[in-house]
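Following my numbering from start to finish, the sequence shown increments by one per residue and tops out at 397. Beta carbons are placed, not taken as given, at the ideal position from N, Cα and C, and that holds for glycine. Everything on this sheet refers to the single structure shown next.
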Amino acid sequence: MVSNGRKRKLVALDPTTKSSIAERFEAGLRARVIGQDRAVRAISSLYQVFQAGMTNSARPLGTMLFLGPTGSGKTHLVEAAAEILFGDRNAVVKIDCAEFQHSHEIAKLIGSPPGYLGHRETTPLLTQENLEKYRTERDPFTLVLFDEIEKASDSLWQLLLGVLDKATLTLGDNRKVDFSQAMIFMTSNLGAKEMSELITGSIGFAPARGGKMPDDDLDQKIYRTASEAARRKFSPEFMNRIDKVVVFRSLKHQQLCEILDLELTGIQRRVDESAGERFSFSLTNEAREFLLSEGIEYRYGARHLKRAIERFLVNPLASLSATGQVRLGDMVVVDITENAEKLDFYRDDSEAARSAAAMDAVQAMKASDERRIAA
Ligand SMILES: Nc1ncnc2c1ncn2[C@@H]1O[C@H](COP(=O)(O)OP(=O)(O)OP(=O)(O)O)[C@@H](O)[C@H]1O
Ligand SMILES: [Mg+2]
Numbered sequence: 023m024v025s026n027g028r029k030r031k032l033v034a035l036d037p038t039t040k041s042s043i044a045e046r047f048e049a050g051l052r053a054r055v056i057g058q059d060r061a062v063r064a065i066s067s068l069y070q071v072f073q074a075g076m077t078n079s080a081r082p083l084g085t086m087l088f089l090g091p092t093g094s095g096k097t098h099l100v101e102a103a104a105e106i107l108f109g110d111r112n113a114v115v116k117i118d119c120a121e122f123q124h125s126h127e128i129a130k131l132i133g134s135p136p137g138y139l140g141h142r143e144t145t146p147l148l149t150q151e152n153l154e155k156y157r158t159e160r161d162p163f164t165l166v167l168f169d170e171i172e173k174a175s176d177s178l179w180q181l182l183l184g185v186l187d188k189a190t191l192t193l194g195d196n197r198k199v200d201f202s203q204a205m206i207f208m209t210s211n212l213g214a215k216e217m218s219e220l221i222t223g224s225i226g227f228a229p230a231r232g233g234k235m236p237d238d239d240l241d242q243k244i245y246r247t248a249s250e251a252a253r254r255k256f257s258p259e260f261m262n263r264i265d266k267v268v269v270f271r272s273l274k275h276q277q278l279c280e281i282l283d284l285e286l287t288g289i290q291r292r293v294d295e296s297a298g299e300r301f302s303f304s305l306t307n308e309a310r311e312f313l314l315s316e317g318i319e320y321r322y323g324a325r326h327l328k329r330a331i332e333r334f335l336v337n338p339l340a341s342l343s344a345t346g347q348v349r350l351g352d353m354v355v356v357d358i359t360e361n362a363e364k365l366d367f368y369r370d371d372s373e374a375a376r377s378a379a380a381m382d383a384v385q386a387m388k389a390s391d392e393r394r395i396a397a
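In structure tokens form, the structure reads like this:
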């Protein structure tokens with residue numbers, strides 16, 4: 023035990039301390055992003071370094087490359103971070119590289135030099151003002167996302183290399199934009215086709231074929247496929263500028279079940295916050311199983327599941343609400359139809375259900391009013 027008068031053990035318990043802010047950030051990410059612990063840890067340790075003021079000011083605060091299967095949460099992770107830090111999933115400066123596949127489109131990002139046609143009409147995306155737009159006193163930095171970088175044109179690459187290296191970007195009119203207070207994330211699903219074949223072969227039809235590949239083996243293979251594809255496509259000078267490369271894992275059955283629950287909670291929250299009728303809904307086990315069987319297509323990750331939820335649950339619920347068939351305080355029970363082809367919706371008129379739903383609606387209204395007042 024250290025009992026020397028000059029050394030004092032440090033324990034961070036106060037909820038306002040910096041370490042607990044970083045811990046809450048990590049817990050928030052974990053609750054929103056399922057099954058991607060390595061990626062969550064990587065981004066939260068970057069945040070911790072920032073909180074501790076230990077970043078290098080000549081470079082961006084951090085640069086990360088996210089690889090891995092489609093629909094596994096690469097873009098979602100950055101948006102979830104924005105939601106936790108800035109209260110809005112869209113508080114990210116997002117560059118969809120697919121939109122900049124031709125060199126002349128770069129003007130949309132950095133503007134064109136004075137005198138060029140259209141110079142005044144273009145309001146470039148990457149200005150200093152845009153970068154500073156979402157910053158707060160506690161988190162005075164920007165999340166920048168270059169999505170699907172493998173689709174970027176050569177001139178976008180040149181621009182990106184400069185930003186990663188010197189944290190500066192020169193706009194068309196010669197103004198400088200400072201990226202030293204930015205965390206830069208890049209996503210790519212290079213090797214997507216191969217990864218999708220690996221997933222389909224190992225877990226896609228596993229129950230019918232039996233003998234499935236252990237999850238860890240599959241993720242090892244995905245890791246190798248993604249890393250090799252990245253090494254083939256991206257130059258060493260680019261790879262050397264990246265602080266961390268994270269390969270996302272393919273989502274398995276258990277994780278997709280958890281994502282279904284997350285989505286259901288999210289839909290109830292959307293109903294509670296909407297301007298329309300606030301009602302509660304609950305699914306029978308059969309209805310949950312139905313959504314999973316319609317929505318699980320492993321090679322598309324959570325994307326397919328989200329589509330099934332929209333189609334079978336959200337759209338019918340919205341139409342019931344729009345046509346006045348469900349009202350404030352109703353409890354809607356969702357079950358499967360007799361031929362199990364879709365979902366059926368019932369109003370539970372029992373006293374217990376009505377009073378529980380009415381309580382929920384009142385709570386939701388209060389919470390939403392409070393949020394509005396706070397905003
Ligand atoms: N790990 C996850 N945890 C929770 N939700 C997820 C996860 N992965 C995906 N989702 C859900 O699925 C949607 C699509 O995922 P996302 O856009 O992050 O895919 P992606 O990995 O970026 O794929 P792509 O390479 O095709 O762009 C997200 O908006 C989110 O709602
Ligand atoms: Mg994406």
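Sheet register partners of residue i (DSSP bridge)
i: Arg369; result: Val354
i: Thr209; result: Phe88
i: Phe334; result: DSSP output for Phe334 lists no bridge partner at all.
i: Lys118; result: Note on identity: in this sequence residue 118 is Asp, with Lys being the wrong assignment. DSSP, once it has assigned bridges, lists Asp169 as partnering Asp118.
i: Leu191; result: Val199
i: Val269; result: Leu89
Coarse secondary structure for residue i, derived from DSSP in three states
i: Asp166; result: Per the sequence shown, the amino acid found at residue 166 is Val instead of Asp. In this structure, Val166 counts as strand in the three-state DSSP scheme.
i: Ile244; result: helix
i: Leu108; result: Residue 108 is actually Phe in this sequence, not Leu. Here Phe108 sits in helix by DSSP.
i: Ala204; result: strand
i: Val55; result: coil
i: Ser79; result: coil
i: Val293; result: helix
i: Ser304; result: strand
i: Val348; result: coil
i: Ala230; result: Model confidence at Ala230 stands at a pLDDT of 42, short of 50, so the residue's coordinates are unreliable and nothing is read from them.
i: Gly298; result: coil
i: Tyr156; result: coil
i: Ala113; result: coil
i: Ala401; result: The shown model of the chain, from 23 to 397, leaves out residue 401, and the question about it has no answer.
i: Gln123; result: coil
i: Leu147; result: coil
i: Pro258; result: helix
i: Ile43; result: helix
i: Glu360; result: coil
i: Arg63; result: helix
i: Lys274; result: coil
i: Asp161; result: coil
i: Ser134; result: coil
i: Ser175; result: coil
i: Ile281; result: helix
Residue closest to residue i, alpha-carbon to alpha-carbon, out of the options
i: Ile289; options: Ser272, Val269, Phe270 and Ala340; result: Ala340
i: Ala204; options: Asp187, Glu259, Ser210 and Glu216; result: Asp187
i: Thr158; options: Ser296, Arg60, Leu107 and Trp179; result: Leu107
i: Gly351; options: Val293, Val114 and Ile221; result: Val293
i: Arg160; options: Ser302, Arg291, His326 and Ala44; result: Ala44
i: Glu259; options: Arg271, Glu250 and Leu183; result: Leu183
i: Arg111; options: Glu299, Ala61, Asp241 and Tyr156; result: Tyr156
i: Glu280; options: Ser177, Glu319, Ile56 and Ala297; result: Ile56
i: Phe303; options: Asp371, Gln276, Glu127 and Glu105; result: Asp371
i: Gly194; options: Ala174, Ile171, Ala129 and Lys243; result: Ala129
Residue i beta carbon near ligand 3 (any heavy atom closer than 8 Å)
i: Phe207; result: Judged by which ligands are present, ligand 3 is missing from the structure shown, whose ligands are ligand 1 and ligand 2.
Environment of residue i [buried if 16+ CB atoms lie within 10 Å]
i: Gln58; result: buried
i: Gly346; result: exposed
i: Lys96; result: buried
i: Lys31; result: exposed
i: Lys29; result: exposed
i: Gly90; result: buried
i: Ser134; result: buried
i: Ala309; result: buried
i: Asn337; result: exposed
i: Asp283; result: exposed
i: His98; result: buried
i: Ala53; result: exposed
i: Gly323; result: buried
i: Arg254; result: exposed
i: Asn211; result: buried
i: Arg291; result: exposed
i: Arg321; result: buried
i: Ala8; result: For the chain, the structure presents residues 23 to 397; residue 8 sits outside this window and is missing.
i: Gln385; result: exposed
Ligand 2 site residues, beta-carbon cut 6 Å against heavy atoms:
Lys96, Thr97, Asp169 and Thr209
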